[in-house]
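**Q** Numbering (this note's numbering), first residue to last: 24 to 350.
Idealized CB from N, CA, C, for every residue including glycine.
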Ligand code: BDP
């Protein structure tokens with residue numbers, strides 16, 4: 024009898040301990056679209072490692088790379104809803120959800136990457152982060168995604184008239200569709216994973232992206248003209264579901280944020296090296312790269328894109344002006 028009771032008690036205690044552990048340690052899942060070796064992939068793995076370390080094993084993140092958990096717009100919804108805890112997202116597909124974040128998708132709004140980071144570190148970045156947090160996504164840190172330029176399989180682009188008539192893949196965001204239309208092209212919003220095949224089979228004539236993605240996806244093999252328009256400089260976030268973050272203790276929040284900041288520092292360092300390596304690789308493989316001597320006609324053609332954005336979001340005019348006035 025004694026034996027029986029003690030077994031029962033030990034069993035009950037073990038079960039209770041398990042319940043407590045399950046409630047206190049968290050298992051998170053994270054989404055990333057990029058392949059092995061890409062700076063963001065390495066930086067997200069580092070984030071996972073640092074999370075476990077800095078939280079004393081209280082939080083564990085399992086990363087899913089290569090977009091295996093779905094397309095980027097779907098993953099953004101999943102992180103907003105809490106089905107996924109973490110994602111590395113480009114602010115492009117976040118724009119349609121958070122109007123403040125969409126400001127970075129106005130073509131040519133940033134002068135260069137350092138300008139973008141200066142904005143993100145100031146009042147502008149706070150406004151963007153607040154807009155995202157209100158939609159359930161908290162940016163813990165910002166990643167670099169360089170500048171995006173046009174590429175296609177037919178010709179070098181030097182003027183807007185070279186874009187006229189081309190079917191160009193864009194990310195899901197009306198600002199990008201407007202951008203292509205204003206240049207006289209036909210925009211084709213499409214998931215990242217479908218672009219290689221679409222370029223290869225001629226479903227689209229071209230697309231636009233930074234050097235590392237142009238290279239890592241193999242797009243350079245099927246669209247060999249890369250023209251340095253640098254029309255979009257879009258930051259990326261290491262984002263977390265807002266309820267999950269807000270439910271953490273102050274110490275845990277600090278640990279998560281510190282891990283994210285360290286991950287971003289690593290990503291930015293690797294990004295700079297990868298941009299050069301990717302450019303060198305594709306040019307060595309025969310890609311024809313051209314500078315665009317006069318970008319002004321491209322910039323001027325974007326006036327209606329800005330007007331439409333401001334007409335739909337009149338309260339965001341000060342944010343646009345703040346970015347334009349930032350040195
Ligand atoms: C890459 C971004 C990735 C986007 C992709 C795209 O890092 O988040 O999904 O472009 O064009 O540069 O869809």
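Measure how close the beta-carbons of residue 228 and residue 190 come, nearest whole angstrom, since I'm counting them as under 8 Å.
**A** Indeed, because the Cβ distance is near 5 Å, the residues count as touching under 8 Å.
**Q** May I ask which residues mark the beginning and end of the alpha helix (DSSP H) holding residue 110?
**A** That residue, residue 110, is in no alpha helix (DSSP H); its beta strand (DSSP E) goes 109 to 113.
**Q** In chain order, what residues of the same chain lie with their CB nearer than 7 Å to the CB of residue 179, ignoring the 5 residues before and after it?
**A** Answer for residue 179: 248, 250, 311, 313, listed in chain order.
**Q** Which runs of the beta strand (DSSP E) spanning at least 3 residues fall entirely within the stretch 271 to 301, listed in chain order?
**A** For the stretch 271 to 301, not a single whole beta strand (DSSP E) run of length 3 or above is found.
**Q** Let me know if residue 338 comes out buried or exposed under the rule of 16 or more other beta-carbons within 10 Å of its beta-carbon.
**A** With fewer than 16 other Cβ atoms within 10 Å, it is exposed.
**Q** Taking only three categories from DSSP, how would you classify residue 259?
**A** Three-state DSSP puts residue 259 in a strand.
**Q** Suppose contacts are defined by Cβ-Cβ distances below 8 Å. Is residue 130 in contact with residue 328 by that definition?
**A** Cβ atoms of residue 130 and residue 328: closer than 8 Å.
**Q** The alpha helix (DSSP H) with residue 131 in it runs from where to where?
**A** Segment: none, residue 131 is in no alpha helix (DSSP H) and carries neither H nor E.
**Q** CB-CB under 8 Å to residue 139, same chain, minus the five flanking residues each way: which ones, in chain order?
**A** Counting only Cβ-Cβ distances below 8 Å, and skipping sequence neighbours, we find 127, 133, 256, 258.
**Q** Below 8 Å on the Cβ atoms is my guess for residue 151 versus residue 124; work out the distance and round it to an integer in Å.
**A** Rounded, the Cβ-Cβ distance is 5 Å, consistent with contact.
**Q** Helix, strand or coil for residue 340, going by three-state DSSP, please let me know.
**A** Residue state, collapsed to three classes: helix.
**Q** Compute every distance between the C-beta of residue 56 and the non-hydrogen atoms of the ligand BDP, then say whether any falls below 7 Å.
**A** The answer is yes for residue 56.
**Q** How big is the Cα-Cα spacing for residue 92 and residue 102?
**A** Residue 92 and residue 102: Cα-Cα distance of roughly 11 Å.
**Q** Assuming residue 160 is part of the beta strand (DSSP E), what are its boundary residues?
**A** Its beta strand (DSSP E) spans residues 160 to 166.
**Q** To the nearest angstrom, report how far apart residue 356 and residue 84 are at their CA atoms.
**A** Residue 356 cannot be examined here, being either before or after the span of the chain that is shown, 24 to 350.
**Q** Going straight from the alpha carbon of residue 262 to that of residue 108, what length do you get?
**A** The alpha-carbon atoms of residue 262 and residue 108 are separated by roughly 8 Å.
**Q** Name the two residues that bound the continuous beta strand (DSSP E) containing residue 215.
**A** From DSSP, residue 215 is part of no beta strand (DSSP E); its letter is neither H nor E.
**Q** Indicate whether residue 97 and residue 136 have their beta-carbon atoms separated by less than 8 Å.
**A** Not closer than 8 Å, so no.
**Q** CB of residue 298 to nearest heavy atom of the ligand BDP: below 7 Å?
**A** Not under cutoff, so the answer is no.
**Q** If I follow the unbroken beta strand (DSSP E) through residue 53, where does it start and stop?
**A** Its beta strand (DSSP E) spans residues 49 to 54.
**Q** What residue range is occupied by the uninterrupted alpha helix (DSSP H) comprising residue 267?
**A** Note, residue 267: alpha helix (DSSP H), 265 to 269.
**Q** So, helix, strand or coil for residue 201, using DSSP?
**A** Helix.
**Q** Can you give the Cα-Cα distance for residue 173 and residue 253, rounded to whole angstroms?
**A** Answer to the nearest angstrom: the Cα atoms are 8 Å apart.
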